[in-house]
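**Student:** This note's numbering puts the first residue of the sequence shown at 30, with every later residue one more than the last.
The following block contains the structure, expressed as structure tokens.
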Amino acid sequence: MSGIITAADVVATMTVTNLYTSGFTLQGFTADNIFDVTNLELAETVMGVDGTLSAGAILTPMDQTWHIMPDSATYTKFQTWATTSRTSIAVYRCNATIIFPTHGKKYTCTNGVLINCTTMASAAKTVQPITALIRWESVTPSEYSS
Numbered sequence: 030m031s032g033i034i035t036a037a038d039v040v041a042t043m044t045v046t047n048l049y050t051s052g053f054t055l056q057g058f059t060a061d062n063i064f065d066v067t068n069l070e071l072a073e074t075v076m077g078v079d080g081t082l083s084a085g086a087i088l089t090p091m092d093q094t095w096h097i098m099p100d101s102a103t104y105t106k107f108q109t110w111a112t113t114s115r116t117s118i119a120v121y122r123c124n125a126t127i128i129f130p131t132h133g134k135k136y137t138c139t140n141g142v143l144i145n146c147t148t149m150a151s152a153a154k155t156v157q158p159i160t161a162l163i164r165w166e167s168v169t170p171s172e173y174s175s
């Protein structure tokens, strides 16, 4: 739909190898933010002393930071994931699909790793949101129609 920029209809599902193999839907996001992503770096450049710019294609991961409310079921999933990783001294890989129905876009996120996670939410007047950073090997966009 042209001219509509809502993110309220975003649907994100994730699987975590050996932990959440059936997958789960991420929900309970903060009021102002579902997630942030870093830019995808595509090239490395260097300029020689003669002023000639050389460039080469590079492969880099993409970081995604989720913003989760403390009363969300997703909060518990991330806490369990982080605690299990820590206690078993293991890395649990994940995959996700993120759909923006209004925009007709789907993103397939593959071979991700939970890099860090707020396991204890800050407490102010209310318990504060947490963040969880996932580093993806690849994020591939495609068209989506419901």
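Just so you know, even glycine gets a beta-carbon here, dropped at the ideal spot from N, CA and C.
From a predicted model like this one, the values you see are computed outputs, not experimental measurements.
Please list the segments of the beta strand (DSSP E) lying wholly inside the region 144–170, counting only runs of 3 or more residues, in order along the chain.
**Tutor:** 159–165
**Student:** Looking at the unbroken alpha helix (DSSP H) that takes in Y49, where does it start and where does it end?
**Tutor:** Sequence index remark: in the sequence shown, residue 49 carries index 20 (1-based). Taken as a continuous stretch (DSSP letters only), Y49 belongs to no alpha helix (DSSP H), being part of the beta strand (DSSP E) at Y49 to L55.
**Student:** Helix, strand or coil, according to DSSP, for S83 in the structure here?
**Tutor:** Walking along the sequence shown from the start, residue 83 turns up at place 54. For S83, the three-state secondary structure derived from DSSP is strand.
**Student:** Does DSSP classify Y136 as helix, strand or coil?
**Tutor:** Counting from one through the sequence shown, the residue named residue 136 turns up at place 107. Of the three classes helix, strand and coil, the one that applies to Y136 here is strand, per DSSP.
**Student:** For A37, which three-state DSSP category applies?
**Tutor:** Your numbering for residue 37 matches position 8 in the sequence shown. Coil.
**Student:** Determine the closest residue to A36 out of W165, S151 and G133, with distance taken between C-alpha atoms.
**Tutor:** Residue mapping note: residue 36 aligns to position 7 of the sequence shown, counting from 1. Ranking W165, S151 and G133 by Cα distance to A36 puts G133 first.
**Student:** Excluding five sequence neighbours on each side, which residues of the same chain lie with their C-beta closer than 8 Å to the C-beta of A119?
**Tutor:** Sequence index remark: in the sequence shown, residue 119 carries index 90 (1-based). If the five residues before and after A119 are omitted, its C-beta is found closer than 8 Å to the C-beta atoms of T113, all from its own chain and listed in chain order.
**Student:** Measuring alpha carbon to alpha carbon, tell me which residue in V156, Q157 and I144 is nearest P90.
**Tutor:** Taking the sequence shown and counting its residues from 1, one reaches residue 90 at position 61. Nearest option by C-alpha distance: I144.
**Student:** Could you say which of Y104, V168, S167 and E166 lies nearest to M149 if we only look at CA atoms?
**Tutor:** As a working note, residue 149 is residue 120 in the sequence shown. Selected option, being the one with the closest Cα: Y104.
**Student:** Looking at the unbroken beta strand (DSSP E) that takes in T94, where does it start and where does it end?
**Tutor:** The residue given as residue 94 occupies position 65 in the sequence shown. Here the beta strand (DSSP E) through T94 covers M91 to I97.
**Student:** Measuring straight from C-alpha to C-alpha, what distance separates M98 and V142?
**Tutor:** Here residue 98 is taken as the residue at index 69 of the sequence shown, counted from 1. Here residue 142 is taken as the residue at index 113 of the sequence shown, counted from 1. Roughly 21 Å separates the two Cα atoms.
**Student:** Quick one, are the C-beta atoms of I163 and C123 less than 8 Å apart?
**Tutor:** Position 134 of the sequence shown, counted from the start, is the residue given in the question as residue 163. Position 94 of the sequence shown, counted from the start, is the residue given in the question as residue 123. Contact flag set, yes.
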